[in-house]
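Asks: Read in numbering that gives the first Met the number 0, the sequence shown has 195 at position 196, and its numbers run on one by one without any break. Idealized CB from N, CA, C, for every residue including glycine.
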Amino acid sequence: MGLALSGPPRPDPAAILARIRTVAHHWSDQQVEGLNNLGIELVSGIASFEAPNQVVVKPSNGEADIPLKADAVIIATGSVPFFPPNLKPDGKRILAPRFASHLEALPEDIIVIGAGATGSEFTYLFNRVGVKVTWLVDPHGVLPAFAPAAGQFLAETLARRGVHLAANQVADRLEADETGVTVTTSSGAQYRAAMVFVAIGRFPDLSRLNLTAVGLPVPAGQTMPTDNFGRSPIPAIYAVGDAAGAPMLANRAMAQAWVAGRHAAGVETPPFRSETVIHAIYTEPQAAQVGRVTGEDLQTVRLAFTAGLKAHLLPEGAGLFELAYDRDRRVAGGVAVGPHAADALAPVALAIQMGASLGDMAAVQGAHPTVSELAFMAARSV
0 MGLALSGPPR
10 PDPAAILARI
20 RTVAHHWSDQ
30 QVEGLNNLGI
40 ELVSGIASFE
50 APNQVVVKPS
60 NGEADIPLKA
70 DAVIIATGSV
80 PFFPPNLKPD
90 GKRILAPRFA
100 SHLEALPEDI
110 IVIGAGATGS
120 EFTYLFNRVG
130 VKVTWLVDPH
140 GVLPAFAPAA
150 GQFLAETLAR
160 RGVHLAANQV
170 ADRLEADETG
180 VTVTTSSGAQ
190 YRAAMVFVAI
200 GRFPDLSRLN
210 LTAVGLPVPA
220 GQTMPTDNFG
230 RSPIPAIYAV
240 GDAAGAPMLA
250 NRAMAQAWVA
260 GRHAAGVETP
270 PFRSETVIHA
280 IYTEPQAAQV
290 GRVTGEDLQT
300 VRLAFTAGLK
310 AHLLPEGAGL
320 FELAYDRDRR
330 VAGGVAVGPH
340 AADALAPVAL
350 AIQMGASLGD
360 MAAVQGAHPT
370 VSELAFMAAR
380 SV
């Protein structure tokens, strides 16, 4: 599982990466098997539009192009990272997420640029495996898409574990040499480490689709407009997942794909509701958020994770849980930071979908001891 046990336990990067690759391959094979069992034909290659109902695929094996026609086309091409000209990775000392799987040896120290989901997760990861981390965080703070309390809790926890958080620092340029990388910020401050990891944003990967052929030119870095069924302005064309814009989450993509696929097939389906999608950050402690958690029409109630017994049974049980509700006492959202935070918000997501009230949630007793109890406990505390 990635630990060398001769002497004190220490990370084994090669073993960790091998484990990641094994799990990834098995999961990919499982998805392909599921598609095959449904009778779905898989065509491998790069697709581009010739008309709203027609695409041509350039096979990855170099064979002749394959024309395909359909009543509907669903775009799910994912996203690509964004790098300003002065912050581009080289795959050697200046890294990005796509290079992480090739990192066979850990650096002594590293600078992480970016404090969104990916930046936070890799800051946690490098710190956890013993790398000295300097985290450059711009004025938007840690996890800017989350309630402020969540980012603050995570930042303080990682700082206690040895992460050097450099607040209000915007990386301006990188200079790499044979021994390391120097980062110069917009304020003129300089930081140096053996490596730099850049994770400052992504945008939809639509550049190879020839969208101009169907009257849908989307400038680089911008998002294709879609409705709550995933339809673009061209009725036969849908977009889901990262291709449909932020927030770029796997579970959001799955929810959108379920709606778009059914709608395209003519099956009655409810529209996609973004407020029911849990946004999870896989750090330790985990952070998660769902629905609306701020607004003049909302009130919140907060519990410590230790309000439930489960936190006392875990090695690290500290955390916070907030439940938001509107003037009609309908559940509006929640935020959690702590062990299994995303699981703790599952009842909140369902409550939002069902239009449940605080009273509805208060009447439910979750399994004891579990983190899912916190949502019901919070409702009873109002």
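Skipping 5 residues on each side, what residues in its chain have a beta carbon closer than 6 Å to that of residue 399?
Replies: Shown here, the chain extends from 0 to 381; a query on residue 399 therefore has no answer.
Asks: Would residue 373 and residue 289 qualify as a contact pair, given that the criterion is a beta-carbon distance under 7 Å?
Replies: Numbered from its first residue, the sequence shown carries residue 373 at position 374. Numbered from its first residue, the sequence shown carries residue 289 at position 290. Going by beta carbons, residue 373 and residue 289 fall outside the 7 Å limit.
Asks: Ordered along the chain, which non-local residues of its own chain (more than five positions away) have a Cβ less than 6 Å from that of residue 257?
Replies: Reading the sequence shown from its first residue, position 258 is the one you call residue 257. Closer than 6 Å at the Cβ level, and outside the excluded window around residue 257, lies no residue.
Asks: Between the C-alpha atoms of residue 141 and residue 115, what's the straight-line distance to the nearest angstrom?
Replies: Looking up residue 141 in the sequence shown gives position 142. Looking up residue 115 in the sequence shown gives position 116. Distance between the alpha carbons of residue 141 and residue 115: 6 Å.
Asks: What are the boundary residues of the alpha helix (DSSP H) that includes residue 375?
Replies: Stepping through the sequence shown from its first residue, residue 375 is reached at position 376. That run of the alpha helix (DSSP H) goes 372–379.
Asks: Which complete beta strand (DSSP E) runs does the stretch 222–299 hold, if anything under 3 residues is left out?
Replies: Correct list: 236–238, 278–280, 285–290.
Asks: Return the Cβ separation of residue 338 and residue 285 in integer angstroms, given the expectation that the two are a contact with Cβ distance under 8 Å.
Replies: In the sequence shown, counting from the first residue as 1, residue 338 sits at position 339. In the sequence shown, counting from the first residue as 1, residue 285 sits at position 286. That belief holds up - the Cβ atoms of residue 338 and residue 285 are roughly 7 Å apart, short of 8 Å.
Asks: Report back the beta-carbon spacing between residue 320 and residue 301 to the nearest angstrom; my notes put them in contact at under 8 Å.
Replies: For this step, residue 320 is matched to residue 321 along the sequence shown. For this step, residue 301 is matched to residue 302 along the sequence shown. That pair is a contact at about 7 Å.
Asks: So who's on the other strand from residue 118, going by DSSP bridges?
Replies: What you label residue 118 is simply residue 119 of the sequence shown in a count that begins at 1. Residue 118 pairs with nothing; no bridge assigned.
Asks: Rounded to whole angstroms, what is the Cα-Cα separation between residue 103 and residue 325?
Replies: Here the question's residue 103 lines up with position 104 in the sequence shown. Here the question's residue 325 lines up with position 326 in the sequence shown. Whole-angstrom Cα-Cα distance: 50 Å.
Asks: Comparing C-alpha positions only, which one of 329, 274, 207, 111 sits nearest to residue 296?
Replies: Position 297 of the sequence shown, counting from 1, holds the residue named residue 296. Per the Cα distances, 329.
Asks: Can you list, in chain order, the stretches of the beta strand (DSSP E) that have 3 or more residues and sit fully within the stretch 131–168?
Replies: 131–136, 163–166
Asks: Would you grab the beta carbon distance between residue 348 and residue 275 for me? Rounded to a whole angstrom, and I think it's under 8 Å.
Replies: Here residue 348 refers to the residue found at position 349 of the sequence shown. Here residue 275 refers to the residue found at position 276 of the sequence shown. Contact holds; Cβ gap of about 5 Å.
Asks: Sorted by chain position, which residues of the same chain lie with C-beta nearer than 6 Å to residue 322's C-beta, five sequence neighbours on each side aside?
Replies: In the sequence shown, residue 322 corresponds to position 323, counting from 1. Scanning its chain for C-beta atoms nearer than 6 Å, with the 5 sequence neighbours on each side dropped, one finds around residue 322 the residues 300, 333, 377, in chain order.
Asks: Just how far apart, CA to CA, sit residue 111 and residue 124?
Replies: For the purposes of this step, residue 111 is identified with residue 112 of the sequence shown, where counting begins at 1. For the purposes of this step, residue 124 is identified with residue 125 of the sequence shown, where counting begins at 1. One C-alpha to the other measures close to 11 Å.
Asks: Shortest alpha-carbon distance to residue 134 belongs to which of 234, 16, 162?
Replies: Numbered from 1 along the sequence shown, position 135 holds the residue referred to as residue 134. For the residues 234, 16, 162, the minimum Cα distance to residue 134 belongs to 162.
Asks: I'd like to check one pair, residue 195 with residue 184: are the Cβ atoms closer than 7 Å?
Replies: Here residue 184 refers to the residue found at position 185 of the sequence shown. Here residue 195 refers to the residue found at position 196 of the sequence shown. Taking the C-beta atoms as reference points, residue 195 is found no nearer than 7 Å to residue 184.
Asks: With C-beta atoms as the reference, is residue 203 less than 7 Å away from residue 78?
Replies: The residue given as residue 203 occupies position 204 in the sequence shown. The residue given as residue 78 occupies position 79 in the sequence shown. Cβ distance < 7 Å, so residue 203 and residue 78 count as in contact.
Asks: Which residue comes first and which comes last in the alpha helix (DSSP H) that contains residue 21?
Replies: Start at 1 with the first residue of the sequence shown, and residue 21 comes out as number 22. Taken as a continuous stretch (DSSP letters only), the alpha helix (DSSP H) holding residue 21 covers 12–36.
Asks: Taking 7 Å as the threshold (C-beta atoms), are residue 239 and residue 229 in contact?
Replies: For the purposes of this step, residue 229 is identified with residue 230 of the sequence shown, where counting begins at 1. For the purposes of this step, residue 239 is identified with residue 240 of the sequence shown, where counting begins at 1. The Cβ-Cβ distance between residue 229 and residue 239 falls below 7 Å.
Asks: Looking at residue 282 and residue 119, is the spacing between their C-beta atoms short of 7 Å?
Replies: Taking the first residue of the sequence shown as 1, we reach residue 119 at position 120. Taking the first residue of the sequence shown as 1, we reach residue 282 at position 283. In contact: residue 119 and residue 282 (Cβ atoms closer than 7 Å).
Asks: Starting from residue 53, follow the beta strand (DSSP E) in both directions and report where the run begins and ends.
Replies: Counted from its first residue, the sequence shown places residue 53 at position 54. First-last of the beta strand (DSSP E) with residue 53: 53–58.
Asks: Can you list, in chain order, the residues of its chain with a C-beta nearer than 7 Å to that of residue 341? Leave out the 5 residues immediately preceding and following it.
Replies: In the sequence shown, the residue the question calls residue 341 occupies position 342. For residue 341, where only same-chain residues beyond five positions count, the Cβ hits under 7 Å are 277, 279, 285, 287.
Asks: Check whether the Cβ atoms of residue 90 and residue 199 lie closer than 7 Å to each other.
Replies: For the purposes of this step, residue 90 is taken as the residue at position 91 of the sequence shown. For the purposes of this step, residue 199 is taken as the residue at position 200 of the sequence shown. Not a contact, by the Cβ cut-off of 7 Å.
Asks: Taking the alpha helix (DSSP H) that residue 170 belongs to, which residues open and close that run?
Replies: Residue mapping note: residue 170 aligns to position 171 of the sequence shown, counting from 1. That residue, residue 170, is in no alpha helix (DSSP H); its beta strand (DSSP E) goes 170–175.
Asks: How big is the Cα-Cα spacing for residue 17 and residue 224?
Replies: For this step, residue 17 is matched to residue 18 along the sequence shown. For this step, residue 224 is matched to residue 225 along the sequence shown. Spanning the two alpha carbons is a distance of roughly 39 Å.
Asks: Report all residues from its chain with a CB closer than 7 Å to the CB of residue 166; omit the five preceding and five following residues, and keep chain order.
Replies: Looking up residue 166 in the sequence shown gives position 167. Same-chain partners within the cutoff: 136.
Asks: Assuming contact is defined by CB atoms lying nearer than 7 Å, are residue 243 and residue 271 in contact in what I supplied?
Replies: For the purposes of this step, residue 243 is taken as residue 244 along the sequence shown, with counting starting at 1. For the purposes of this step, residue 271 is taken as residue 272 along the sequence shown, with counting starting at 1. Cβ distance not < 7 Å, so residue 243 and residue 271 don't count as in contact.
Asks: How big is the Cα-Cα spacing for residue 40 and residue 261?
Replies: On the sequence shown, residue 40 is found 41 positions in, with the first residue counted as 1. On the sequence shown, residue 261 is found 262 positions in, with the first residue counted as 1. Going from the Cα of residue 40 to the Cα of residue 261 covers about 18 Å.
Asks: How many Å lie between residue 117 and residue 186 at the Cα?
Replies: As a working note, residue 117 is residue 118 in the sequence shown. As a working note, residue 186 is residue 187 in the sequence shown. Each residue's Cα considered, the two are about 24 Å apart.
Asks: Which term fits residue 309, buried or exposed, when burial requires 16 or more other beta carbons within 10 angstroms of its beta carbon?
Replies: Stepping through the sequence shown from its first residue, residue 309 is reached at position 310. It counts as buried.
Asks: Is it the case that the Cβ atoms of residue 259 and residue 73 are separated by a distance below 7 Å?
Replies: Residue numbering aside, residue 259 sits at position 260 when the sequence shown is read from its first letter. Residue numbering aside, residue 73 sits at position 74 when the sequence shown is read from its first letter. Using a Cβ distance threshold of 7 Å, residue 259 and residue 73 count as a contacting pair.
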